[in-house]
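Read through the structure below, which is laid out as structure tokens, and then see the notes.
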Amino acid sequence: MKNLILAILFLIGITQSNSQENKYLPKQKIQVGVIMKIGHPEARIYNYIDFPRSNFIIKRGGIIDYKRIPGTKVVIVGVEDKKNGTRLVRIKRADGGRFFGSHPSVIANLEKALSSGELQII
Numbered sequence: 001m002k003n004l005i006l007a008i009l010f011l012i013g014i015t016q017s018n019s020q021e022n023k024y025l026p027k028q029k030i031q032v033g034v035i036m037k038i039g040h041p042e043a044r045i046y047n048y049i050d051f052p053r054s055n056f057i058i059k060r061g062g063i064i065d066y067k068r069i070p071g072t073k074v075v076i077v078g079v080e081d082k083k084n085g086t087r088l089v090r091i092k093r094a095d096g097g098r099f100f101g102s103h104p105s106v107i108a109n110l111e112k113a114l115s116s117g118e119l120q121i122i
């Protein structure tokens with residue numbers, strides 16, 4: 001009897017996990033010109049958006065302020081599919097500004113940034 005109940009609960013769990021809504025758009029819909037928003041990172045730093053290190057920002061005359069990054073609208077200006085299946089996108093600010101006042105664009109791992117909440121689709 002226990003095994004039957006566990007099997008039924010297992011099947012219900014599997015069907016529920018497969019029916020969850022996909023958080024991000026399929027690969028075909030992500031293209032140049034899509035507008036997105038930068039969200040808050042899970043940790044203190046962004047893991048999947050490749051912002052430059054602090055010393056490079058300072059060398060180019062920028063100001064390091066990660067508090068102004070969340071909520072920034074960005075536009076995809078380039079898409080690159082790697083051999084291992086990852087999709088990298090080059091993003092720039094939608095308002096035409098620069099990240100930290102020094103870098104016009106940065107690269108992000110699209111799938112991982114979307115799943116972690118670092119990038120959000122508007």
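If you read the sequence shown in our numbering, its first letter stands for residue 1, the second for the next number, and so on.
We put the beta carbon where it would ideally sit given N, CA and C, even for glycine.
This structure is a prediction, so every number in the text was calculated from the model and none was measured.
If distances are taken between C-alpha atoms only, which option among the options comes closest to residue i?
i      : options                      : result
Val74  : Arg98, Phe56, Ile5, Gly85    : Arg98
Gln120 : Ile63, Gly61, Pro70          : Pro70
His40  : Lys67, Asp50, Val89, Arg60   : Lys67
Glu118 : Leu11, Gly13, Lys37          : Lys37
Val89  : Gln16, Lys2, Lys29, Ile5     : Lys29
Arg60  : Tyr46, Ser102, Ile76, Asp81  : Ser102
Asp95  : Ile35, Thr86, Ile14          : Ile35
Gly85  : Pro104, Lys112, Gly62, Gly78 : Lys112
Ser116 : Gly62, Glu42, Ile122, Arg87  : Glu42
Quick check on the burial criterion: 16 or more other C-beta atoms within 10 angstroms. Buried or exposed for residue i?
i      : result
Gly33  : exposed
Asn182 : Because the chain is modelled from 1 through 122, residue 182 falls outside the range shown and cannot be assessed.
Leu114 : buried
Ile49  : buried
If you draw a straight line from the alpha carbon of residue i to that of residue j, how long is it in whole angstroms?
i     : j      : result
Phe51 : Ile107 : 8 Å
Glu80 : Ile57  : 25 Å
Gln16 : Phe10  : 10 Å
Thr72 : Tyr46  : 14 Å
Ile91 : Ser105 : 5 Å
Asn3  : Arg93  : 55 Å
Ile13 : Met1   : According to the sequence as given, residue 13 is Gly; it is not Ile. The alpha-carbon atoms of Gly13 and Met1 are separated by roughly 18 Å.
Ser54 : Arg44  : 14 Å
Lys83 : Ile8   : 40 Å
Arg87 : Leu6   : 39 Å
Gln31 : Gly78  : 8 Å
Quick one: measure Cβ to Cβ for residue i and residue j, integer angstroms, because I've assumed they're closer than 8 Å.
i     : j      : result
Ile64 : Phe100 : 6 Å
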